[in-house]
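**Q**
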Amino acid sequence: MGKSERSLVGRDLRTHFATGRTGSSTLRRTLSALLREPLGLRAVPRNLAKPDGSANYSLESGGDERLTEWMHARLRLSVWVGPEGIVLDEVETAVLHALRPPLNLAKTGSPGDRRVKLARAAMAAEARAWRQHDGIHGPA
482 MGKSERSLVG RDLRTHFATG RTGSSTLRRT LSALLREPLG LRAVPRNLAK PDGSANYSLE
542 SGGDERLTEW MHARLRLSVW VGPEGIVLDE VETAVLHALR PPLNLAKTGS PGDRRVKLAR
602 AAMAAEARAW RQHDGIHGPA
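This is the structure we're talking about:
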């Protein structure tokens with residue numbers, strides 16, 4: 482759940498629902514952490530040429546494709562266009578507090594926060610441990 486001030490196509494379709502964009506999408510990183518075992522996902526640095534050790538990670542390409550397929554088969558995107566002059570951040574905050582979606586960690590706490598944070602931390606650690614040896618990518 483979130484808001485877009487400019488383009489839902491750019492924010493949602495080209496980032497959250499696009500293969501190869503896990504490093505740029507909080508939603509994709511959260512889903513990949515929770516679906517790591519069932520989908521056989523492996524975390525890698527966002528930039529393989531220059532691993533930066535950040536908590537933001539990407540997925541090996543086959544896993545990224547599996548995540549996209551899973552999302553397209555199971556998730557739906559709905560939109561609401563607010564009236565002119567409305568402050569989207571205020572609406573987003575009110576809706577988040579009312580619905581308390583379990584995957585939104587930014588503005589609300591939910592019972593699943595700890596599980597999500599631990600799962601994402603494990604993926605980030607895997608990406609930080611990633612090493613490149615003789616042109617072959619894999620864990621250290």
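If you use this note's numbering, the sequence shown corresponds to residues 482 to 621, in order. The beta-carbon is built from N, C-alpha and C at its ideal position, and this holds for glycine as well. Treat the numbers as computed from the prediction; the structure is a model and nothing was measured.
1) Are the CB atoms of Arg510 and Met604 nearer to each other than 8 angstroms?
2) Does the stretch 561-577 come within contact of the stretch 525-543, defined as at least 3 CB pairs closer than 8 angstroms?
3) Exposed or buried, what is Asp545 when buried is set at 16 or more other beta-carbons lying within 10 Å of its beta-carbon?
4) Mind checking which residues open and close the alpha helix (DSSP H) that includes Ala536?
5) Can you tell me whether DSSP reads Ala524 as helix, strand or coil?
6) Taking only three categories from DSSP, how would you classify Trp561?
7) Pull up the distance between the alpha-carbon of Leu522 and that of Ala536, whole angstroms please.
8) Between Asp594 and Leu516, what straight-line distance do the alpha-carbon atoms span, to the nearest angstrom?
9) Check for me: the alpha helix (DSSP H) holding Arg509 runs from which residue to which?
**A** This is what the structure gives:
1) yes
2) no
3) buried
4) No alpha helix (DSSP H) contains Ala536, which DSSP labels as neither H nor E.
5) strand
6) Taken through DSSP and simplified to helix, strand or coil, Trp561 comes out as coil.
7) A straight-line Cα-Cα distance of about 16 angstroms links Leu522 and Ala536.
8) 15 angstroms
9) Thr507 to Leu515
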